[in-house]
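The structure under discussion appears below in the form of structure tokens.
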Amino acid sequence: MFGGGGFMPSQNQNAGGSPAQKKFASGKAETLRAVTVKQLADALNAAVDDTYFVDGVELANVTLIGKIVKISFTDQLAQMEINDCTGTASVQMWVDQADEDAAADWRVGVYVRVHGKISDFDNKKRINAWQIRPITDFNEVTYHLLKCIFQHVHLTKTNGGSGGGAAAAAPAFAGGAAVARGAGGANEVGDDGFTGVQRDVAAFYKSPEAIGGQGVHNDQVVSALAGTYTRPQVQAAIDFLKDQGHLFTTMDDDHCMWCS
1 MFGGGGFMPS QNQNAGGSPA QKKFASGKAE TLRAVTVKQL ADALNAAVDD TYFVDGVELA
61 NVTLIGKIVK ISFTDQLAQM EINDCTGTAS VQMWVDQADE DAAADWRVGV YVRVHGKISD
121 FDNKKRINAW QIRPITDFNE VTYHLLKCIF QHVHLTKTNG GSGGGAAAAA PAFAGGAAVA
181 RGAGGANEVG DDGFTGVQRD VAAFYKSPEA IGGQGVHNDQ VVSALAGTYT RPQVQAAIDF
241 LKDQGHLFTT MDDDHCMWCS
């Protein structure tokens, strides 16, 4: 069952049909779409007759990347929960269809790429996967997030939207300093629940210069917002965003990336 920004874990261990259901007879092209769990959550909330859309385009096959936070096995199925910092998805795969070398590394804490299709069985929604493989290069996580953003911006503009999402939320940065946005005082809490400094720090992590690589060092954020906020203010905002799950650490505790 869906809820809380992701897919709630299913307790039905025989759900999802048989391995033969991996083949789908359809008149439309079975395209593969890179998505986040949040995008899937929104698609499920707006489903029409069990047809799911992201950015106005019907979903066929999907791929997402996230960390295994829970996993269990039966004789036939591997069931796991995957968290990508935007939500948690319930994923299952037939054991006899899994690559043995890849499956040997399935465990809690491991980042994996999932390829599959949304399944609705007994009113429980999950991803039926035909491939789940561990991530060996963290750059693949960054690339996946960039691809999700690119597809979102391209499709929303094509369909007459404004582009929205993380790309539209990012402010302009020039010469390492944030362009003033009139976000209010440093400690004034806005309608989004953020203070001014927290909002500007979040905006920096969403900006193009902060996306990619292995995260942004704290000093880079301090430098970008110098003249507007002090180092302690920026560091406190970073710590707050980490505690709230908006940022996650990468190569060490001083490098972070935006989660959604």
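Going by UniProt numbering, the sequence shown opens with residue 1, and the numbers climb by one from there. Note that beta-carbon positions come from the ideal geometry of N, C-alpha and C, so glycine has one too. All values reported here derive from a predicted model rather than from experimental measurement.
Using a Cβ-Cβ cutoff of less than 6 Å, which residues in the same chain neighbour residue i once the five nearest sequence positions on both sides are dropped?
{"i": "residue 205", "result": "258"}
{"i": "residue 249", "result": "256"}
{"i": "residue 78", "result": "93 and 95"}
{"i": "residue 254", "result": "217 and 218"}
{"i": "residue 220", "result": "none"}
{"i": "residue 46", "result": "none"}
{"i": "residue 98", "result": "none"}
{"i": "residue 105", "result": "134"}
From the options, pick the residue whose C-alpha is nearest to that of residue i; which is it?
{"i": "residue 75", "options": "96, 141 and 88", "result": "96"}
{"i": "residue 243", "options": "198, 137 and 219", "result": "198"}
{"i": "residue 52", "options": "125, 68 and 91", "result": "125"}
{"i": "residue 225", "options": "248, 200, 78 and 253", "result": "200"}
{"i": "residue 222", "options": "233, 215 and 214", "result": "233"}
{"i": "residue 228", "options": "207, 238, 254 and 196", "result": "196"}
{"i": "residue 151", "options": "57, 44, 254 and 73", "result": "57"}
{"i": "residue 90", "options": "254, 217, 49 and 72", "result": "72"}
{"i": "residue 100", "options": "136, 132, 80 and 251", "result": "132"}
{"i": "residue 139", "options": "104, 214 and 105", "result": "214"}
{"i": "residue 130", "options": "141, 103, 136 and 142", "result": "103"}
Who are the near neighbours of residue i in its chain, counting only those whose CB is closer than 8 Å to its CB and skipping five residues on each side?
{"i": "residue 240", "result": "198"}
{"i": "residue 247", "result": "205, 238, 241, 256, 257, 258 and 259"}
{"i": "residue 245", "result": "85 and 259"}
Quick one: what's got a C-beta closer than 7 Å to residue i's C-beta in the same chain, skipping five residues either side?
{"i": "residue 35", "result": "54, 62, 64 and 148"}
{"i": "residue 194", "result": "202"}
{"i": "residue 144", "result": "34 and 65"}
{"i": "residue 235", "result": "218"}
{"i": "residue 251", "result": "214 and 215"}
{"i": "residue 176", "result": "Because the pLDDT of residue 176 is 36, which lies under 50, any placement of that residue in the model is unreliable, and the question is left without a value."}
{"i": "residue 141", "result": "65, 111 and 135"}
{"i": "residue 107", "result": "68 and 71"}
{"i": "residue 167", "result": "Note that residue 167 scores a pLDDT of 36, beneath 50, so its modelled location is shaky; the value from the coordinates is reported in the next line. These residues qualify, in order along the chain: 149 and 153."}
{"i": "residue 43", "result": "52, 53, 54 and 59"}
{"i": "residue 231", "result": "222"}
{"i": "residue 137", "result": "none"}
{"i": "residue 48", "result": "none"}
Can you pull the DSSP bridge partners for residue i?
{"i": "residue 57", "result": "54"}
{"i": "residue 66", "result": "112"}
{"i": "residue 217", "result": "255"}
{"i": "residue 249", "result": "256"}
{"i": "residue 71", "result": "80"}
{"i": "residue 89", "result": "82"}
{"i": "residue 32", "result": "61"}
{"i": "residue 153", "result": "Answer is none; residue 153 lacks a bridge partner."}
Is residue i near the ligand MN, going by C-beta to nearest heavy atom under 6 Å?
{"i": "residue 240", "result": "The ligand MN is absent from the structure shown, which contains no ligand whatsoever."}
Taking only beta-carbon atoms, is residue i less than 7 Å away from chain C?
{"i": "residue 220", "result": "Going by chain labels, chain C is absent from the structure shown, which holds only one protein chain."}
* Report yes or no: do three or more beta-carbon pairs, one from the stretch 105 to 114 and one from the stretch 33 to 43, lie closer than 8 Å? => no
* Please list the segments of the alpha helix (DSSP H) lying wholly inside the stretch 96 to 138, counting only runs of 4 or more residues, in order along the chain. => 100 to 103
* Evaluate the contact criterion for the stretch 77 to 96 versus the stretch 62 to 69: three or more CB pairs, one atom per stretch, below 8 Å. => Flag = yes, the stretch 77 to 96 and the stretch 62 to 69 touch.
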